[in-house]
Amino acid sequence: MDREPPLVREVHPELVAELAALLEAEGERDLAIVAHDIRLVRACECVDDFCQSFYTADHPRGTKFGEGHRTVALLPEVGMLNLDVVFGRIVYVEVLGRPPLRTR
Numbered sequence: 840m841d842r843e844p845p846l847v848r849e850v851h852p853e854l855v856a857e858l859a860a861l862l863e864a865e866g867e868r869d870l871a872i873v874a875h876d877i878r879l880v881r882a883c884e885c886v887d888d889f890c891q892s893f894y895t896a897d898h899p900r901g902t903k904f905g906e907g908h909r910t911v912a913l914l915p916e917v918g919m920l921n922l923d924v925v926f927g928r929i930v931y932v933e934v935l936g937r938p939p940l941r942t943r
C-alpha cells in the first residue's frame, strides 16, 4: 500500500510558517495558502552541504518543469528560499545556506 508523503507543516512547521509569511509579504496570497499543504516527496539529489532543498511533487529527475513554470524568489533573513511553481502549485522548495531545518 502506498503511503502519502508527509506534509511539510508536520515535519518542518517553522519553515512552512516562514514560507507563508514571506509569500504574503510578496503579494503571493494564493501560494501562501498552498504552502500549508505541500508534501515532502523527496530530497534534492545534490550533495552540497549547504542545500536542504526538496521536491513537493513527483518530477522526473533531470527534466525541466516546462510550461506554466515560474520561480518565486523569497527574501528570508538568513540564506535563500526559492520556490518552483507550476500552474499555481509549489513543486520544489530550494533551501540554501540556512541552519539545519528542525524536525518536529
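Take 840 as the starting number for the sequence shown in this note's numbering and just add one per residue.
Glycine is no exception: its CB is placed at the ideal position from the N, C-alpha and C atoms.
Kindly give me the distance between the Cβ atoms of residue i and residue j, rounded to whole angstroms, as I take these residues to be in contact under 8 Å.
i    : j    : result
F889 : L935 : 6 Å
R937 : V873 : Wrong, their Cβ atoms sit about 21 Å apart, outside the cutoff.
V932 : F893 : 6 Å
P845 : L879 : 5 Å
V930 : A896 : 4 Å
E857 : P915 : 7 Å
So for residue i, helix, strand or coil by DSSP?
i    : result
R848 : helix
V880 : coil
L935 : strand
D888 : coil
E857 : helix
D841 : coil
R941 : coil
E865 : coil
Classify residue i: buried if its beta carbon has 16 or more other beta carbons within 10 angstroms, exposed otherwise.
i    : result
R848 : buried
L940 : exposed
D923 : buried
C912 : Position check: residue 912 holds Ala in this sequence, whereas Cys was assumed. Exposed is the call here.
E843 : exposed
V949 : In the structure displayed, the chain extends from 840 to 943; residue 949 sits before or after that span and is not available.
(message) Please give the ranges of any alpha helix (DSSP H) in the stretch 891-932, keeping only runs that are unbroken, at least 4 residues long and fully inside the region.
(response) none
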